[in-house]
Amino acid sequence: MEQEIQQKGYAYPEALVSTEWVVANLEDTENVRIVESDEDVLLYEIGHVPSSVKIDWVEDLNDPLMRDYLDPEHFANLMTEKGITPDTTVVFYGDKNNWWATYALWVFRLFGHEKVVVMDGGRVKWEAENRTMTQDIPSFPKAEYPVPGRDDQKIRAFKEDVEKHIGKAMVDVRSPGEYKGELLHMPDYPQEGALRGGHIPGAANVPWARAVREDGTFKSADELRGIYEGEAGLQQGEDVIAYCRIGERSSHTWFVLKYLLGYENVRNYDGSWTEWGNLVRAPIER
Amino acid sequence: MDRKARVARLVEHVENPLHKGVLDGAQVVMPGGSPECGGSVTVYLKGDGDGCIEGLSWTGQGDTISMGSTSIALERVLGEDLTMDEVLDFDYEALLQEIGRDVIGSRTRNATMGLSTLKSAVRKYRRNRLADDGQPSKVESV
């Protein structure tokens, strides 16, 4: 079961669990909480892993007024509602190669929740293996969750951090078209999210989905090193900032660099291109 | 219709979308949304030259809300034989209510992607017509 994950040679293989592991632990709702987080927000209603709860990144993890994540009190309330304690192992999965699952995991790590893992292969693998899906919404007893601190320094980068980081290791995980600024130049194309196209000077382009295989599982450490180090020029020990459009795809890359390849200092710039591409006088390359 | 039924209706429109496909002879091909992030549609429009819609279809990829809502919106337009003026007056809020605010939640942009792209297509159709007629293009209100 977990041997397959072990064989992929990750720095922190315990950050991933297999679909078999999830099946074996479905009943352990006291210590394990499975969380579905999707881009297609209705997928959970259509069918989900038994005993899993839904966390909608937009509705549940964001501040409703200001562009920021929820505050510590609301996070603690959310955990209480979902029956999650500080000791619960939270297993994230979702659609799109676990893209939004890793984003939710990243937000949990902002609040210092320790036991967070991703189900390798996500929703697509669970379905491909014809495993049981249900529409039943589980109900768990409310849990005690002390209001945590929120640490934005270690894994989150702000505009000022990026300005100081130009010329150092940075990864733009959007498509080549977005990276080159081409998508904003197509005639008639709605100007989605930014007034200018291109990328932050010096950033390497590694589209986020290059980290996964056809079946939705993450590539091996060797394969990932070939991409991020062999092609994009990252080096172990470097301080890396990853970004995309709103920080959702780049959280996937953050997870890959941090947990699978063992980069100690990786930050997600969640302002990403919707901020940088609209920022007066922010330098841009094409 | 309860929430579960409203979700089921959207899913039905995703699995059996109405008016989906490329329209041969379309005078306007209008993209909308973002193919890289969140989903996108393309609306194909043909007018009869007299303010009415002669042909309308769409293609796209995206989540259940955007794809299902696009099918529902275009079915309304064609089913009720709306004119181009009526398309521009088609109230977004009415569409959101019909699909179900409790289903859409905060994904309003996804739910109105198809309708807003259709409105852009209508505007482009009219601009093209004015240009073809040799008239200066008017500034249209959004």
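In the order they appear, the protein sequences are chains A and B. For the first sequence, my numbering begins at 4 and goes up steadily by one. For the second sequence, my numbering begins at 17 and goes up steadily by one. Built from N, CA and C at the ideal position, the CB exists for glycine as well.
Anticipated Cβ contact below 8 Å, Asp79 of chain B with Asp43 of chain A, distance rounded: 4 Å
Distance, Val120 of chain A Cα to Leu108 of chain A Cα: 8 Å
Nearest-angstrom Cα separation, counted from Glu166 of chain A out to Val73 of chain A: Position check: residue 73 of chain A holds Leu in this sequence, whereas Val was assumed. Each residue's alpha carbon lies about 25 Å from the other.
Residue-chain proximity (Thr128 of chain B, chain A), Cβ-Cβ < 8 Å: no
Residue from A:Val25, A:Tyr106, A:Ile169, A:Val20 whose Cα sits closest to the Cα of His51 of chain A: A:Val25
Beta-carbon contacts of Gly184 of chain A that lie in its chain and below 7 Å, excluding the five residues immediately before and after: Gly200, Gly201, Arg289
Residues of the region 219 to 238 of chain A with Cβ closer than 9 Å to any Cβ of chain B, in chain order: none
Same chain, Cβ closer than 7 Å to Glu251 of chain A, neighbours up to 5 away in sequence not counted: Trp102, Trp103, Tyr106
Selection of the region 59 to 87 of chain B by Cβ proximity to chain A, strictly under 7 Å: Asp79, Thr80, Ile81
Three-state secondary structure assigned by DSSP to Ser122 of chain B: coil
Expected contact under 8 Å - CB spacing of Val259 of chain A and Ala214 of chain A to nearest Å: 5 Å
Partner residues on chain B for Val61 of chain A, Cβ-Cβ distance less than 8 Å: Gly121, Ser122, Arg123
Neighbourhood of Tyr262 of chain A by C-beta, 6 Å cutoff - its chain only, sequence neighbours within 5 removed: Tyr15, Ala18
Leu72 of chain B beta carbon near the ligand HEM (any heavy atom closer than 7 Å): The ligand HEM is not part of this structure, which contains no ligands at all.
Gly71 of chain B: first and last residue of the uninterrupted beta strand (DSSP E) it sits in: 69 to 78
Contact between the region 154 to 166 of chain A and the region 74 to 81 of chain A (3+ Cβ pairs under 8 Å): no
Check whether Gln43 of chain B and Asn144 of chain B have beta carbons under 8 Å apart: yes
For Val93 of chain A, the first and last residue of its enclosing beta strand (DSSP E): 92 to 96
Buried/exposed call for Ser178 of chain A, threshold 16 Cβ in 10 Å: buried
Partner residues on chain B for Leu46 of chain A, Cβ-Cβ distance less than 9 Å: Asp79, Thr80
Cut-off 7 Å between Cβ atoms - residues of its own chain near Ser56 of chain B, not counting five sequence neighbours on either side: Pro47, Gly48, Gly49, Ser50, Gly76, Gln77, Gly78
Burial state of Glu278 of chain A, where buried means 16 or more other Cβ atoms lie within 10 Å: buried
Start and end residues, alpha helix (DSSP H) containing Thr99 of chain B: No alpha helix (DSSP H) contains Thr99 of chain B, which DSSP labels as neither H nor E.
Inter-residue spacing [alpha-carbon to alpha-carbon] between Phe221 of chain A and Trp129 of chain A: 14 Å
Below-8 Å beta-carbon distance, Glu42 of chain A vs any chain B residue: yes
Cβ-based burial, Asp253 of chain A [other Cβ within 10 Å; buried from 16]: First, the residue type needs correcting, since residue 253 of chain A is Ser and not Asp in the sequence shown. With 16 or more other Cβ atoms within 10 Å, it is buried.
DSSP-derived helix/strand/coil call for Thr133 of chain B: helix
Whole-angstrom C-beta distance between Pro204 of chain A and Ile244 of chain A, which should lie under 8 Å: About 13 Å; that fails the 8 Å criterion.
According to DSSP, residues forming a beta bridge with Arg159 of chain A: A:Asn271
Under 7 Å (Cβ pairs) to chain A, residues found in the region 35 to 51 of chain B: Met46, Pro47, Gly48, Ser50
Chain A residues whose Cβ lies nearer than 8 Å to that of Val27 of chain B: Leu45, Ile49
Segment contact flag, the region 129 to 141 of chain A with the region 45 to 65 of chain A, C-beta cutoff 8 Å, min 3 pairs: yes
Cutoff 8 Å: Val57 of chain B Cβ touching any chain A Cβ: no
Chain A residues whose Cβ lies nearer than 8 Å to that of Val23 of chain B: Leu45, Glu48, Ile49
The alpha helix (DSSP H) enclosing Val26 of chain A, as first and last residue numbers: 22 to 27
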